[in-house]
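Protein chains in written order, with the working numbering: chain B, 27 to 220; chain S, 1091 to 1556. Beta carbons: idealized from backbone N, C-alpha and C, even for Gly. Predicted model only: the values in this text are computed from it and were never measured. Heads up, the thing below is written out as structure tokens.
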Amino acid sequence: MKPLKEIESRFVPLPIENIDTDQIIPARFLKATTRDGFGKNLFRDWRYVQDDEQQPVASFVLNQPRYSGEILVAGKNFGCGSSREHAAWALKDYGFKAVVSSFFADIFKNNALNNGVIPVRVSDVFLAKIFSQDAEAEIQINIEQQTITILLTGEQKSFDINPYKKTCLLNGYDDIDYLISIKDSIEKYEAARK
Amino acid sequence: MGATLFDKIWNQHIVQQVNDGPSVLYIDRHFIHEVTSPQAFNGIEKRGLPLFRPKQIVATADHNVPTLHQELPIRDELSRLQVQQLIENCARHGVELYGLGHPNQGIVHVIGPELGVTQPGMTIVCGDSHTSTHGAFGTIAFGIGTSEVEMVFAAQCLLQNKPKQMRINIEGELLPGVVAKDIILCIIAQISAGGATGYFVEYAGSAIRKLSMEARMTICNMSIEMGARGGLIAPDETTFAYMEGRPFAPAGDAFTKKVAAWRELYSDADAAFDMELNIQAAQVQPMITFGTNPGMGMAINDSIPTYESLEAESEKANLKKALTYMGLQAGQPLLGMQVQHVFIGSCTNSRIEDLRLVAAMVKGKKKHPDVHVLIVPGSQEVARQAKREGLDSIFMDAGFELRQAGCSACLGMNEDKVPAGEYCVSTSNRNFEGRQGAGARTLLASPLTAAAAALTGKITDVRTLL
Ligand code: SF4
Chain B
27 MKPLKEIESR
37 FVPLPIENID
47 TDQIIPARFL
57 KATTRDGFGK
67 NLFRDWRYVQ
77 DDEQQPVASF
87 VLNQPRYSGE
97 ILVAGKNFGC
107 GSSREHAAWA
117 LKDYGFKAVV
127 SSFFADIFKN
137 NALNNGVIPV
147 RVSDVFLAKI
157 FSQDAEAEIQ
167 INIEQQTITI
177 LLTGEQKSFD
187 INPYKKTCLL
197 NGYDDIDYLI
207 SIKDSIEKYE
217 AARK
Chain S
1091 MGATLFDKIW
1101 NQHIVQQVND
1111 GPSVLYIDRH
1121 FIHEVTSPQA
1131 FNGIEKRGLP
1141 LFRPKQIVAT
1151 ADHNVPTLHQ
1161 ELPIRDELSR
1171 LQVQQLIENC
1181 ARHGVELYGL
1191 GHPNQGIVHV
1201 IGPELGVTQP
1211 GMTIVCGDSH
1221 TSTHGAFGTI
1231 AFGIGTSEVE
1241 MVFAAQCLLQ
1251 NKPKQMRINI
1261 EGELLPGVVA
1271 KDIILCIIAQ
1281 ISAGGATGYF
1291 VEYAGSAIRK
1301 LSMEARMTIC
1311 NMSIEMGARG
1321 GLIAPDETTF
1331 AYMEGRPFAP
1341 AGDAFTKKVA
1351 AWRELYSDAD
1361 AAFDMELNIQ
1371 AAQVQPMITF
1381 GTNPGMGMAI
1391 NDSIPTYESL
1401 EAESEKANLK
1411 KALTYMGLQA
1421 GQPLLGMQVQ
1431 HVFIGSCTNS
1441 RIEDLRLVAA
1451 MVKGKKKHPD
1461 VHVLIVPGSQ
1471 EVARQAKREG
1481 LDSIFMDAGF
1491 ELRQAGCSAC
1501 LGMNEDKVPA
1511 GEYCVSTSNR
1521 NFEGRQGAGA
1531 RTLLASPLTA
1541 AAAALTGKIT
1551 DVRTLL
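Structure follows, in structure tokens:
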């Protein structure tokens, strides 16, 4: 994984609560055996009329050219439901590096972090503030400082991130590297339990 | 202060603690299936790593398999390739696979317990959120993403932060017509689809103690539907009796010794929980959902909430979005509404006991002519047992379509889908938009309520048929 320190970008607003992973990536697209190419099916059933790429749903935010950017801003309890990591892959493949919401489902949060997509949890009030910005507004997410800033107004909030995960993100290494490094301890644990 | 059941199992599985960070949690059993494992196999192969403990993994094909003619090659090419890839990956890495055609094949959360692979006190993971099902045996069992599947492949461990703990006590006697599915739907309606996020839930109380293992699995299964990572129930005599004689359970003296250790698995009287909830079993009614998340549920003879009854603007917006999708009106009752489909199956309600409940209700009767009824056993073993008991002919005589084991219309990955705009009373666990097929409208309910709808073609209070 590439190290990730800061994201500065416009944002895509999706003010819907309880967005489940079946919406992020419907089950029929889970037949692939690689991690690539899921972006084109991100929010598939909200994006197109009857699954037809020739008929985009005009009102859906991903089809509105005035919205773009690497940051998705969504209503609370984002990513609930199925454990499919394909949801995180789809977001990443589409080009999102962060999701901002006032609440995340547990498994999604881990899956996102494991793929270098940062779940940034903010208060309901701050979330509403972001939603009220113009499409041109830029947002900065600084992982080192753990801050999120609306650049136009300068409003800034800090967010939580697990210190271990933060180190991983900043340095671009992952849990497997860590677990392999402690293999001896794992084997000792196994031996002691027998 | 005493330890909770969760603490006891958790503590026994800590390999070490990362400074300022998560715990390294040892995983006893790892279940895998065709949909969430291929990228993990690719991942470790790319890193040049072997599987660390292949003997602790059990694989099956369930999500993407047809439920008709499983003896023939899978018609859908992508599905066939995915299932084929699982076969190759398991062969290459020495993983036991219960694939299509194998007598042990079935939905991963049905076969684990049925084979006795799932045992009290274990840590169990699977790349599937309903891994919480195995908690019914007093295990820490939870769903993981594919990157985590890869971690368990590589080191048989996961880096985990200890979750908060909640206990839900259900006391007293259930009313006639009310079953385990109604209990869990009632709990989720009460605490909402995100209400237990960050928690592991222990289900306790006299009503839980009286439940069979199958019923306990139904309850633990849907823990994820309120956001909880998992749910668990202390093992007891019911658990031990269920375990005895299962193919992978210890036998003889080894079993007796294990049972002695399993008896220590309970929450101490002075154990503390971050949150506690009490429910009277007698208050639980047959339940049904009306919306597009499992928290949008109500007693079957209630009406859908009105907008005026909701305070937050966001809740009104959620309800509006859900009802638009469902083609329903705020304030409307559901009783008497026609449905086109009934689906009985999924890792929530496809075990032999579920099939018996349905059979007892429909025996000698016929389904309503306008409703299509699909009944899908959770495993080959459930199908064989149903046959031994003659349940298959009861279903066939009733006009049900009895299929072969798999996830089927629970997630609509194979051909078993509900057409757009049509209603389905389903014993599965998720009513998300499009879950059973694009545009499908799912109403979650118990096997009894599903059977009642099959007979009448309408949403029916099962108590009127008892
Ligand atoms: S039956 Fe449904 S919920 Fe259960 S494992 Fe299969 S797809 Fe998932």
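Item to check | Selection from S:T1329, S:L1187, S:L1322 and S:G1233 that minimises the alpha carbon distance to D1097 (chain S) | outcome: Mapped onto the second sequence, residue 1097 (chain S) falls at position 7. Comparing Cα-Cα distances from D1097 (chain S) to each of S:T1329, S:L1187, S:L1322 and S:G1233, the minimum goes to S:L1322.
Checklist entry - Using 9 Å as the limit for Cβ to Cβ distance, is P1140 (chain S) near chain B? => result Taking the first residue of the second sequence as 1, we reach residue 1140 (chain S) at position 50. It does not; no Cβ of chain B falls within 9 Å.
Checklist entry - Can you name the residues of chain S whose CB is closer than 7 Å to the CB of A53 (chain B)? => result For this step, residue 53 (chain B) is matched to residue 27 along the first sequence. L1501, G1502 and M1503, listed in chain order.
Next on the checklist: Between the alpha carbons of F1121 (chain S) and P1203 (chain S), how many angstroms are there, rounded?
Outcome noted: Within the second sequence, the letter at position 31 stands for residue 1121 (chain S). Within the second sequence, the letter at position 113 stands for residue 1203 (chain S). If I take the Cα positions, the gap works out to 11 Å.
Checklist entry - Looking at the structure shown, is E1161 (chain S) part of a helix, part of a strand, or coil, going by DSSP? => result Against the second sequence, residue 1161 (chain S) aligns to sequence position 71. Coil, per DSSP.
Next on the checklist: Can you tell me where the alpha helix (DSSP H) holding A1543 (chain S) begins and where it ends?
Outcome noted: Within the second sequence, numbered from 1, the residue matching residue 1543 (chain S) stands at position 453. Looking at the DSSP string, the run of the alpha helix (DSSP H) that includes A1543 (chain S) is P1537 to T1546.
Checklist entry - Closest to F1232 (chain S) by CA distance: which of B:V143, B:H112, B:V126 and B:S108 is it? => result Here residue 1232 (chain S) corresponds to residue number 142 of the second sequence, with the count starting at 1. It is B:S108.
Item to check | Buried or exposed by the 16-neighbour rule on C-beta atoms within 10 Å, applied to N1109 (chain S) | outcome: Locating residue 1109 (chain S) in the second sequence gives position 19, counting from the first residue. Its Cβ having fewer than 16 others within 10 Å, N1109 (chain S) is exposed.
Checklist entry - Any idea if S207 (chain B) is buried or exposed, counting beta-carbon neighbours within 10 angstroms, 16 or more meaning buried? => result For this step, residue 207 (chain B) is matched to residue 181 along the first sequence. It counts as exposed.
Item to check | Residue-chain proximity (F130 (chain B), chain S), Cβ-Cβ < 9 Å | outcome: Here residue 130 (chain B) refers to the residue found at position 104 of the first sequence. Yes, because at least one Cβ of chain S sits closer than 9 Å to the Cβ of F130 (chain B).
Checklist entry - For P1128 (chain S), which residues in chain B fall below 7 Å Cβ to Cβ? => result Within the second sequence, residue 1128 (chain S) is the residue found at index 38, counting from 1. Residues of chain B passing the Cβ test: T59.
Checklist entry - Is the number of C-beta pairs between the stretch 1245–1265 of chain S and the stretch 1284–1295 of chain S that are closer than 8 Å three or more? => result yes
Next on the checklist: Is G1092 (chain S) a contact residue of the ligand SF4, with contact defined as CB to any heavy atom under 8 Å?
Outcome noted: Counting from 1 along the second sequence, the entry for residue 1092 (chain S) is found at position 2. False, no ligand heavy atom lies under 8 Å from that Cβ.
Next on the checklist: With a threshold of 8 Å, are at least 3 pairs of Cβ atoms found where one atom belongs to the stretch 1221–1231 of chain S and the other to the stretch 1453–1461 of chain S?
Outcome noted: no
Checklist entry - At a Cβ threshold of 9 Å, is C1247 (chain S) touching chain B? => result Position 157 of the second sequence, counted from the start, is the residue given in the question as residue 1247 (chain S). Yes, contact with chain B.
Item to check | Distance between P1384 (chain S) and L1275 (chain S) (C-alpha atoms, nearest Å) | outcome: Locating residue 1275 (chain S) in the second sequence gives position 185, counting from the first residue. Locating residue 1384 (chain S) in the second sequence gives position 294, counting from the first residue. For L1275 (chain S) and P1384 (chain S), the distance between alpha carbons rounds to 7 Å.
Checklist entry - Below 9 Å between beta carbons: does that hold for E111 (chain B) and N141 (chain B)? => result Walking along the first sequence from the start, residue 111 (chain B) turns up at place 85. Walking along the first sequence from the start, residue 141 (chain B) turns up at place 115. The answer is yes: Cβ separation under 9 Å.
Next on the checklist: At a threshold of 8 Å, does C106 (chain B) count as lining the ligand SF4 (C-beta to nearest heavy atom)?
Outcome noted: In the first sequence, residue 106 (chain B) corresponds to position 80, counting from 1. No, since every heavy atom of the ligand SF4 falls outside the 8 Å radius drawn around the Cβ of C106 (chain B).
Item to check | For N1408 (chain S), the first and last residue of its enclosing alpha helix (DSSP H) | outcome: Against the second sequence, residue 1408 (chain S) aligns to sequence position 318. First-last of the alpha helix (DSSP H) with N1408 (chain S): E1403 to M1416.
Checklist entry - Would Q81 (chain B) be called buried (16 or more neighbouring beta carbons within 10 Å of its own) or exposed? => result The residue given as residue 81 (chain B) occupies position 55 in the first sequence. So Q81 (chain B) counts as exposed.
Checklist entry - In terms of residues, what are the limits of the beta strand (DSSP E) holding G1321 (chain S)? => result Numbered from its first residue, the second sequence carries residue 1321 (chain S) at position 231. G1320 to L1322 is the extent of the beta strand (DSSP E) around G1321 (chain S).
Checklist entry - D186 (chain B) touches chain S at which residues, Cβ-Cβ below 9 Å? => result By 1-based counting over the first sequence, the position of residue 186 (chain B) is 160. Residues of chain S passing the Cβ test: none, with the nearest at roughly 12 Å.
Item to check | C-beta neighbour in chain S for N136 (chain B), strict 9 Å | outcome: Numbered from its first residue, the first sequence carries residue 136 (chain B) at position 110. Taking Cβ atoms only, chain S reaches closer than 9 Å to N136 (chain B), which makes this a yes.
Next on the checklist: Below 8 Å on C-beta distance, what does D1364 (chain S) contact in chain B?
Outcome noted: As a working mapping, residue 1364 (chain S) is identified with position 274 in the second sequence. Correct list: empty, because the minimum Cβ distance to chain B is about 15 Å.
Next on the checklist: Just to confirm, is the Cβ distance from A1151 (chain S) to L1190 (chain S) under 9 Å?
Outcome noted: Within the second sequence, residue 1151 (chain S) is the residue found at index 61, counting from 1. Within the second sequence, residue 1190 (chain S) is the residue found at index 100, counting from 1. In this structure, L1190 (chain S) lies closer than 9 Å to A1151 (chain S) by Cβ.
Next on the checklist: Between K1411 (chain S) and chain B, is the shortest Cβ-Cβ distance under 9 Å, so that the two count as touching?
Outcome noted: As a working mapping, residue 1411 (chain S) is identified with position 321 in the second sequence. Chain B, which has a Cβ nearer than 9 Å to the Cβ of K1411 (chain S), makes this yes.
Item to check | Proximal residues, the stretch 1281–1292 of chain S versus chain B, C-beta separation under 7 Å | outcome: A1283, G1284, T1287 and G1288
Checklist entry - Would you call the stretch 1121–1132 of chain S and the stretch 1387–1404 of chain S touching, i.e. three or more CB-CB distances under 8 Å? => result no
Checklist entry - At which residue ranges does the stretch 1482–1553 of chain S contain complete beta strand (DSSP E) runs of 3 or more residues, listed in the order of the chain? => result 1513–1516 and 1531–1534
Checklist entry - chain B beta carbons: is any one of them nearer than 9 Å to that of Y1116 (chain S)? => result Taking the first residue of the second sequence as position 1, residue 1116 (chain S) is located at position 26. Yes, Y1116 (chain S) lies at the interface with chain B (some Cβ there is under 9 Å from its Cβ).
Checklist entry - Checking contacts by CB at 9 Å: is P189 (chain B) closer than that to chain S? => result As a first step, residue 189 (chain B) is located in the first sequence; it is residue number 163 there, counting from the start. So, interface residue.
Item to check | Proximal chain B residues relative to M1241 (chain S), where beta-carbon distance stays under 7 Å | outcome: Sequence index remark: in the second sequence, residue 1241 (chain S) carries index 151 (1-based). Going along chain B in sequence order, the residues near M1241 (chain S) (Cβ under 7 Å) are D201, I202 and L205.
Next on the checklist: I'd like the span of the beta strand (DSSP E) that includes S1113 (chain S), first residue to last.
Outcome noted: Counting from 1 along the second sequence, the entry for residue 1113 (chain S) is found at position 23. S1113 to Y1116 is the extent of the beta strand (DSSP E) around S1113 (chain S).
Item to check | Delimiting residues of the alpha helix (DSSP H) encompassing L1168 (chain S) | outcome: The sequence position of residue 1168 (chain S) within the second sequence is 78, counting from 1. Element bounds for L1168 (chain S): E1167 to H1183.
Item to check | Residues in the stretch 1514–1533 of chain S having any Cβ partner in chain B nearer than 7 Å | outcome: R1520, F1522, E1523, G1524, R1525 and A1528
Next on the checklist: Against chain S, does I133 (chain B) count as a neighbour if the rule is that its beta carbon must be under 9 Å from one of theirs?
Outcome noted: If you number the first sequence from 1, residue 133 (chain B) lands on position 107. Chain S, which has a Cβ nearer than 9 Å to the Cβ of I133 (chain B), makes this yes.
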